[in-house]
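Peer 1: Pasting a structure here, questions to come.
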Amino acid sequence: MASSIQYAVIGLGRFGSSLSKELTELGHEVLGIDRDEEKVDEMSDILTHSVVADATDEEVLRSLGVRNFDCAVVAIGDNIQASIMAAILLKELGVKTVVAKALTDQHGKVLEKIGVDRIIFPERDMGIRVAHQLVSPNLLDF
Ligand code: ATP
Numbered sequence: 006m007a008s009s010i011q012y013a014v015i016g017l018g019r020f021g022s023s024l025s026k027e028l029t030e031l032g033h034e035v036l037g038i039d040r041d042e043e044k045v046d047e048m049s050d051i052l053t054h055s056v057v058a059d060a061t062d063e064e065v066l067r068s069l070g071v072r073n074f075d076c077a078v079v080a081i082g083d084n085i086q087a088s089i090m091a092a093i094l095l096k097e098l099g100v101k102t103v104v105a106k107a108l109t110d111q112h113g114k115v116l117e118k119i120g121v122d123r124i125i126f127p128e129r130d131m132g133i134r135v136a137h138q139l140v141s142p143n144l145l146d147f
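This is the structure:
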């Protein structure tokens, strides 16, 4: 079996909670972070660790030892300022791979400038995926 990877997922909204749950089911360790206590409570039985914290606070990220994780995912969308700040801090702390979700092209451009390793545009990426599925010959099997 492939060895377990340690992920930190910041923001446990629809995207972050679904991503972190799936990573856990795939056998990996996930630390979920959200400033909303309700979101953290909902995920506490599912994830390896979950904490209520503000990911734009450098001291908080340091004390959680986030820099030792293999990969950190910034799954904050609406609050672009918080998304950018969290991404900057994760890169500065030296997290090896930083992934972030972007809602607009502008948001994505800023994340790219910061040095985010992989930028995800959920709706755009899903549209492309579904298009490929719709032209797949296996579609008629559904
Ligand atoms: P989704 O579509 O995945 O539900 P969204 O794109 O609407 O999310 P937001 O609602 O802005 O994105 O953020 C997702 C989660 O990130 C929320 O649960 C929110 O509480 C959390 N979040 C926002 N800012 C911070 C922060 N500074 N620190 C920690 N968590 C945060």
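For the sequence shown, counting from 1, position 36 maps to 41 in this note's numbering; every step adds exactly one. All residues carry an ideal CB built from backbone N, CA and C; glycine is no exception.
(1) Less than 7 Å between the C-beta atoms of residue 103 and residue 77, yes or no?
(2) In the DSSP assignment, the alpha helix (DSSP H) including residue 26 goes from what residue to what residue?
(3) Which of helix, strand or coil does DSSP assign to residue 6?
(4) Identify the continuous alpha helix (DSSP H) that holds residue 115 and give its terminal residues.
(5) Is any non-hydrogen atom of the ligand ATP found closer than 6 Å to the C-beta of residue 81, if you look at the structure I gave you?
(6) What separation, rounded to the nearest whole angstrom, lies between the Cα atoms of residue 33 and residue 120?
(7) With C-beta atoms as the reference, is residue 60 less than 7 Å away from residue 89?
(8) Determine the direct distance from the alpha carbon of residue 80 to that of residue 20, and round the result to whole angstroms.
(9) Measuring alpha carbon to alpha carbon, tell me which of 41, 40, 98, 10 ends up nearest residue 31.
(10) Which partner residues does residue 102 have in the DSSP bridge list?
(11) For residue 132, report the span of its alpha helix (DSSP H) as first-last.
(12) Count the other C-beta atoms from every protein chain shown that fall within 10 angstroms of the C-beta of residue 100, then say buried if there are 16 or more, exposed otherwise.
(13) Indicate, with yes or no, if the ligand ATP has a heavy atom lying under 6 Å from the CB of residue 19.
(14) Spell out the partners DSSP gives residue 57 in its beta bridges.
Peer 2: Answer, in terms of the structure:
(1) Yes, these two residues count as a Cβ contact at 7 Å.
(2) Start and end: 19-30.
(3) Residue confidence is low: residue 6 scores 48 on pLDDT, short of 50, so the model does not pin down where it sits. No coordinate-derived value is stated.
(4) Run containing residue 115: 110-119, per the alpha helix (DSSP H) assignment.
(5) Relative to the ligand ATP, the beta carbon of residue 81 is positioned inside 6 Å of a heavy atom.
(6) Distance between the alpha carbons of residue 33 and residue 120 is about 25 Å.
(7) Taking 7 Å as the cut-off, the Cβ atoms of residue 60 and residue 89 do not count as close.
(8) Going by the C-alpha atoms only, they are around 7 Å apart.
(9) Taking only the C-alpha atoms, the option nearest residue 31 is 10.
(10) 76.
(11) Annotation for residue 132: the continuous alpha helix (DSSP H) segment containing it runs 127-140.
(12) Classified as buried, residue 100 has 16 or more neighbouring CB atoms from the shown chains inside 10 Å of its CB.
(13) It does: the Cβ of residue 19 is within 6 Å (strictly closer) of some heavy atom of the ligand ATP.
(14) Residue pairing for residue 57: DSSP places it in a beta bridge opposite 39.
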